[in-house]
Amino acid sequence: MTHAPTLTTSRLTLRGHRIEDLDALAAMWADPAVYAFIGGKPRSREEVWLRLLRSIGQWTAFGYGSWVVERDGRVIGDIGLLEARREIEPAIDDAPELGWALAGAAQGQGYAREALAAVLGWADGQNIARTCCIIDAGNTASIRLGERMGYVLRTIGRYHDEPIGIYDRMAGAGAIG
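Add 40 to a position in the sequence shown, counting from 1, and you land on the number used in the working numbering.
(1) Count the other C-beta atoms from every protein chain shown that fall within 10 angstroms of the C-beta of G192, then say buried if there are 16 or more, exposed otherwise.
(2) Measure the C-alpha to C-alpha separation of T49 and Y207 and round it to an integer number of angstroms.
(3) Go through the region 125-194 residue by residue and report every complete run of the alpha helix (DSSP H) that reaches 4 residues or more, in order.
(4) So for G105, helix, strand or coil by DSSP?
(5) Roughly how many whole angstroms lie between the Cα atoms of L121 and Y104?
(6) Using 8 Å as the threshold, is the C-beta distance between R111 and L52 below it?
(7) For I78, name the three-state secondary structure that DSSP assigns.
(8) In or out: Q98 buried (at least 16 other Cβ within 10 Å) or exposed?
(9) Please classify T53: does DSSP put it in a helix, a strand, or coil?
(10) How many angstroms separate the CA atom of R55 from the CA atom of G117?
(11) With a cut-off of 8 Å on the beta carbons, I'd call R209 and G190 a contact; round off their distance for me.
(12) Can you tell me whether D61 is helix, strand or coil according to DSSP?
(13) Determine the closest residue to G79 out of I175, G197, A181, with distance taken between C-alpha atoms.
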């Protein structure tokens with residue numbers, strides 16, 4: 041069974057999900073600053089629970105997955121690679137999808153860039169040739185960050201009948217440090 045490796049940066053620890061993370065993650069996904077561009081509505085505790093279990097299981101099924109982002113022992117985010125199998129047009133089932141979310145109080149401090157650099161450095165080291173991500177057109181901060189990290193807009197797709205930017209990154213592209 042594969043588990044999430046612990047990744048560290050100068051300010052953050054990225055570690056595997058644990059059952060006891062449910063309360064902190066449920067609070068994060070109830071914050072409008074988190075869900076505004078990711079579904080547009082708060083996630084229920086049940087949805088967060090299923091997401092947490094998916095995060096744990098991805099490592100076993102695929103050898104990669106998501107991490108909880110901690111700062112000084114507090115959960116401030118969720119980031120990682122996943123096989124979402126979303127009903128999106130066009131389909132993005134040919135590369136792992138990278139997703140990230142930080143609690144509202146942790147946004148705007150460079151933590152997302154720091155966590156993305158750690159995850160993408162790890163993915164590059166695992167010879168994952170390409171990753172993709174989807175970003176709401178209104179989420180200019182995430183678009184700028186994704187582009188800084190080497191993501192390039194492939195196309196505008198549709199997800200839940202809404203337009204969504206589909207971005208690709210080849211291993212080694214963009215700023216990792």
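Glycine included, every Cβ here is placed at the ideal spot set by N, Cα and C.
Once the coordinates are examined:
(1) Gly is not the amino acid found at residue 192; the sequence shown has Val there. By the neighbour-count rule (16 or more Cβ atoms within 10 Å), V192 is not buried but exposed.
(2) 25 Å
(3) 151-165, 180-188
(4) Judged by DSSP in its simplified three-state form, G105 adopts coil rather than helix or strand.
(5) Using only the alpha carbons, I get a separation of about 6 Å.
(6) Cβ distance < 8 Å, so R111 and L52 count as in contact.
(7) coil
(8) buried
(9) Strand at T53.
(10) If I take the Cα positions, the gap works out to 11 Å.
(11) 5 Å
(12) helix
(13) I175
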